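J.: Quick one: structure below, then a few questions.
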């Protein structure tokens, strides 16, 4: 029986190891989530902070690019 | 997988002195009256594995995880209480102790042991009667939670919720921000100053190029840098104040345009919220029901946690069957669940409203921080902007009102933000900005500088907003895709689990309830209207009709069977480290037929497991003892005494080890008595196997057979069957021993011969017993193995065989 059944950890590990292959996802968002999961820090607050940080980083990158042009 | 070779417990719960349990990996049936301390063994092992004792946490000790009530009251403060377990894999052997300050310590500090203990924590090792029906009577959501705990899916469910929550939050953020409205506001400034919209860089650059043409600078504009260079080139320092004023009014116009664009959204959000809020408050009973829901849930917890042990309602004190009471509570909670769903919906609507209010309040606060407003030069305008803030706050205040508050939130008709007034103010601000710009129209350089500056600033803001919208939309879409993929994986895994798990439950349940009309038991997932997994339920066929909610149709005995089946299925499915389980008084409400089938289920389906089966029921003990003994189980009685706490009346195998050890140590203390008890136990088994007859006695009195009586019965039986066995056994020699002389009185007083005398007696007793007992097959000669061709009585393997007249 146990061979067919996946434990919760197996389901999560599989999901996060294959997450980059899901069609249409934003790779930067997913990379942040994967990194939080592997560090055991995937919490609501950390996700909020990471997404906020990502937004800021991307806006800064666009701003810098505009500044150079 | 680990089995237990021996457990030694001291100073835990009812166990004061050392309680040794030498199992040698065998299963054991333990009998003990209520209060004999059987559960001390279970508590000790639970603490050993989980560092707490669940039933002590809820009842007595709160934050100490039950440890406060763990140490035996009568052991000295200087003494550690401990549980020592030796396993089939000796790398796991460990002693866990707890001192008087409740500080635990473990002797085995290896990684192997740590890993074993960590993995063992999620295994199903112990089942008590109190926990038997927990799953069966739980609500659908609790059932799912319980199952997810067992299969380690709690974290999966948590992460699924996180993905959903994140997607929802970003989606709400996008909606509240009303990015399109913000972009339009900035574009209107671009249009006003550039004479055209600029949605791309090139449109901005070409517009800027056209704008500066009258200045004939010969400057080409193809980049942002070019715009900055041009602005520097035509900048006039003396008009800085005027430019500041124009920028201020432009910003006021821009921000108020955004707010105007959001007013409809604020109104519609409030209208939706108000409608649902009012609907929920319409029925005055609803408020009471919401308060009642909290009470019912608490009552459910009280009953499930076994705070109330007997069959009565803890509120009205009326006699009431506990399962029946829980069933009624579940039904009433279910009735109110719909109401709770509505409340969750109301909370979501409130969050939407608060989100859009927050965005606009932040915009207003941003304006109020503008230098020109702070310096008090624009008092009239400041007051008007403050009025907008007050209007927004009045909405926020209403949204904060509790559903069960005395006064309802204000009607939608009374909650308007004056859009026309703000629109008027917007136009005025834009007009002032325009007038100020035009005031210097004769100064063509300044005029163009101002327009280019404002258009460039507005475009950059537009671009920033657009980028934010793109990034957040991308993040939200990603979370949505991840969530969709995740729930598919979770459901697939859960469905495989439920299918196989249901098959086990069905197998065990029908084994205990053959030829009954309950079959095809399944655990099936329940989804809500949004297709989200919200629980699981038990479904089964009852007289060929599909039914759910077992407690609605099944008797207590059947519900308990279902609970046991659930536990055993969990053991089969998920115990990977341990090959033992402890079943503590789990058959209390079983009738005789269920008890018998349960015992058979254990020996047939869990024969490879080591089972520690504890019971306080003499009937069950007697019923099971004869069956399991033949399967190699050990049998023990627990007794409690004031002096030593819980103690053991040793089984034959154990007592023999004690005797051998005492001879090794030349310890005669109680040795004579041990030998007599051992002989009595062995003779009882021999008498049973060869069908030696003793006079009839009732129930437990029947167990109190003294050695002389048993020796007589065995001698009488074998004498009639042939000389070979009679001569070899030489029973009369034993009967004449000082240890067996006398009567009941001698049973109570120990024999006090020297070690040599005892050794000689022991040798003769062992010799006699080994005439009946085969060391190879570990079985006594028995009528069961009677060879009716050769007329011989044999042991299980046939090594021992004696003439036996038929």
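Protein chains in written order, with our numbering: chain A, 398 to 466; chain B, 688 to 1493.
Note that beta-carbon positions come from the ideal geometry of N, C-alpha and C, so glycine has one too.
For clarity, every value in this text was computed on a predicted model and none was experimentally measured.
1. Any idea if residue 1043/B is buried or exposed, counting beta-carbon neighbours within 10 angstroms, 16 or more meaning buried?
2. Just mark residue 457/A as buried or exposed, buried being the case when its beta carbon has 16 or more other beta carbons within 10 Å.
3. Contact check, residue 768/B vs residue 699/B under 8 Å by CB: the rounded distance?
4. Out of curiosity, what's the CA-to-CA distance linking residue 1226/B and residue 1233/B?
5. Could you tell me the distance, in whole angstroms, from the CA atom of residue 998/B to the CA atom of residue 1244/B?
6. Consider the Cβ of residue 343/A: report whether some Cβ of chain B lies at a distance smaller than 8 Å.
7. In chain order, what residues of the same chain lie with their CB nearer than 7 Å to the CB of residue 1148/B, ignoring the 5 residues before and after it?
8. Starting from the Cα of residue 978/B, find the closest Cα among 1268/B, 1396/B, 1027/B, 994/B and give me that residue.
9. Hey, would you say residue 1405/B sits closer than 8 Å to residue 1467/B, going by beta carbons?
10. Mind pulling the alpha helix (DSSP H) runs of 4 or more residues that sit fully within the segment 1269-1355 of chain B?
11. Look at residue 1246/B and residue 1010/B and say whether their C-beta atoms are less than 8 Å apart.
12. Given that residue 448/A touches chain B, what residues does it touch there, using C-beta distances under 8 Å?
13. Whose C-beta lies closer than 7 Å to the C-beta of residue 868/B among residues of the same chain, with five residues either side of it excluded?
14. Ordered along the chain, which non-local residues of its own chain (more than five positions away) have a Cβ less than 6 Å from that of residue 782/B?
15. With a 10 Å radius around its C-beta and 16 neighbouring C-beta atoms as the bar for buried, classify residue 1496/B as buried or exposed.
16. How would you call residue 1363/B, buried or exposed, if buried means at least 16 neighbouring beta carbons within 10 angstroms?
17. Consider the Cβ of residue 846/B: report whether some Cβ of chain A lies at a distance smaller than 8 Å.
18. Going by DSSP, what residue range makes up the alpha helix (DSSP H) through residue 736/B?
19. Under three-state DSSP, which class holds residue 1212/B?
20. Which partner residues of residue 1226/B appear in the DSSP bridge assignment?
21. At least one CB of chain A closer than 8 Å to the CB of residue 1151/B: is that the case?
22. Taking the alpha-carbon positions, what's the residue 1429/B to residue 818/B distance?
23. Compare the C-alpha of residue 450/A against each of 981/B, 1155/B, 1345/B, 1351/B and name the closest.
24. Can you give, in chain order, each stretch of the beta strand (DSSP E) that sits fully within the segment 1081-1121 of chain B and has at least 3 residues?
25. Buried or exposed: residue 404/A, going by 16 or more other Cβ atoms within 10 Å of its Cβ?
26. Under 9 Å Cβ-Cβ, which residues of chain A neighbour residue 689/B?
27. With a threshold of 8 Å between beta carbons, is residue 461/A in contact with chain B?
28. Drop a sphere of 10 angstroms on the beta-carbon of residue 761/B, count the other beta-carbons inside from all chains shown, and report buried for 16 or more, exposed for fewer.
29. Hey, out of 897/B, 725/B, 688/B, whose CA is closest to residue 806/B's CA?
30. Is any beta-carbon of chain B found at less than 8 Å from that of residue 399/A?
31. Does DSSP classify residue 885/B as helix, strand or coil?
32. What is the rounded straight-line gap between the Cα of residue 1355/B and the Cα of residue 1449/B?
33. If we ignore side chains and look at the alpha-carbon of each, how far apart do residue 729/B and residue 1271/B end up?
34. For a quick check, are the C-beta atoms of residue 409/A and residue 842/B less than 8 Å apart?
35. Smallest Cα separation from residue 1018/B: which of 1037/B, 1045/B, 987/B?
36. Can you check whether the C-beta of residue 841/B is within less than 8 Å of a C-beta belonging to chain A?
T.: Based on what the coordinates show:
1. As a first step, residue 1043/B must be located in the second chain, where it is residue number 356. Counting Cβ neighbours within 10 Å, residue 1043/B comes out buried, since at least 16 surround it.
2. Stepping through the first chain from its first residue, residue 457/A is reached at position 60. Exposed.
3. For the purposes of this step, residue 768/B is taken as residue 81 along the second chain, with counting starting at 1. For the purposes of this step, residue 699/B is taken as residue 12 along the second chain, with counting starting at 1. With a Cβ gap of about 5 Å, residue 768/B and residue 699/B count as contacting.
4. Taking the second chain and counting its residues from 1, the one referred to as residue 1226/B is at position 539. Taking the second chain and counting its residues from 1, the one referred to as residue 1233/B is at position 546. Those two C-alpha atoms are separated by around 7 Å.
5. Stepping through the second chain from its first residue, residue 998/B is reached at position 311. Stepping through the second chain from its first residue, residue 1244/B is reached at position 557. If I take the Cα positions, the gap works out to 15 Å.
6. Not covered by the structure: residue 343/A. The range shown for chain A is 398 to 466.
7. If you number the second chain from 1, residue 1148/B lands on position 461. Here the set comprises 873.
8. Here residue 978/B refers to the residue found at position 291 of the second chain. The residue with the shortest Cα to Cα distance from residue 978/B is 1027/B.
9. By 1-based counting over the second chain, the position of residue 1405/B is 718. By 1-based counting over the second chain, the position of residue 1467/B is 780. Taking 8 Å as the Cβ cut-off, residue 1405/B and residue 1467/B do not qualify as a contacting pair.
10. 1279-1292, 1305-1317, 1339-1351
11. The residue you call residue 1246/B lines up with position 559 of the second chain. The residue you call residue 1010/B lines up with position 323 of the second chain. Contact flag set, yes.
12. Sequence index remark: in the first chain, residue 448/A carries index 51 (1-based). Ordered by position in chain B, the residues that pass the 8 Å Cβ test against residue 448/A are 853, 857, 1162.
13. Walking along the second chain from the start, residue 868/B turns up at place 181. Taken in chain order, the residues that qualify are 945, 948, 949.
14. Indexing the second chain from 1 puts residue 782/B at position 95. Result list for residue 782/B: 769, 771, 794, in chain order.
15. Only positions 688 to 1493 of chain B appear in the structure, and residue 1496/B is not among them; the question remains open.
16. The residue labelled residue 1363/B in the question sits at position 676 within the second chain. Buried, because 16 or more other Cβ atoms sit within 10 Å of the Cβ of residue 1363/B.
17. As a position in the second chain, residue 846/B is number 159, starting the count at 1. By this cut-off, residue 846/B is an interface position.
18. On the second chain, position 49 is the one that residue 736/B refers to. It spans 725-737 - the alpha helix (DSSP H) in which residue 736/B sits, taken as one unbroken run.
19. Within the second chain, the letter at position 525 stands for residue 1212/B. Note: residue 1212/B maps to strand in three-state DSSP.
20. Locating residue 1226/B in the second chain gives position 539, where the first residue counts as 1. Residue 1226/B is bridged to 1209/B, 1235/B.
21. The sequence position of residue 1151/B within the second chain is 464, counting from 1. Residue contact with chain A for residue 1151/B: present (Cβ-Cβ distance below 8 Å to some residue of chain A).
22. Translated into positions along the second chain, residue 1429/B becomes position 742. Translated into positions along the second chain, residue 818/B becomes position 131. The predicted model places residue 1429/B with a pLDDT of 45, which falls under 50 and marks its position as unreliable, so this point remains unresolved.
23. Here residue 450/A refers to the residue found at position 53 of the first chain. Closest option to residue 450/A, Cα to Cα, is 1155/B.
24. none
25. On the first chain, residue 404/A is found 7 positions in, with the first residue counted as 1. Buried: at least 16 other Cβ atoms inside 10 Å.
26. Position 2 of the second chain, counted from the start, is the residue given in the question as residue 689/B. Correct list: empty, because the minimum Cβ distance to chain A is about 16 Å.
27. Position 64 of the first chain holds residue 461/A. By this cut-off, residue 461/A is not an interface position.
28. Working through the second chain from its first residue, we reach residue 761/B at position 74. Label assigned to residue 761/B: exposed.
29. Within the second chain, residue 806/B is the residue found at index 119, counting from 1. The shortest Cα separation from residue 806/B among 897/B, 725/B, 688/B belongs to 688/B.
30. Within the first chain, residue 399/A is the residue found at index 2, counting from 1. Unreliable positioning characterises residue 399/A in this predicted model, as indicated by a pLDDT of 47, which lies under 50. A coordinate reading is not provided.
31. Here residue 885/B corresponds to residue number 198 of the second chain, with the count starting at 1. Here residue 885/B sits in coil by DSSP.
32. Along the second chain, read from residue 1 onward, the residue named residue 1355/B stands at position 668. Along the second chain, read from residue 1 onward, the residue named residue 1449/B stands at position 762. Going by the C-alpha atoms only, they are around 12 Å apart.
33. Stepping through the second chain from its first residue, residue 729/B is reached at position 42. Stepping through the second chain from its first residue, residue 1271/B is reached at position 584. Each residue's Cα considered, the two are about 7 Å apart.
34. Position 12 of the first chain, counting from 1, holds the residue named residue 409/A. Position 155 of the second chain, counting from 1, holds the residue named residue 842/B. Taking 8 Å as the Cβ cut-off, residue 409/A and residue 842/B qualify as a contacting pair.
35. Counted from its first residue, the second chain places residue 1018/B at position 331. The shortest C-alpha separation from residue 1018/B is found at 987/B.
36. The sequence position of residue 841/B within the second chain is 154, counting from 1. Taking Cβ atoms only, chain A reaches closer than 8 Å to residue 841/B, which makes this a yes.
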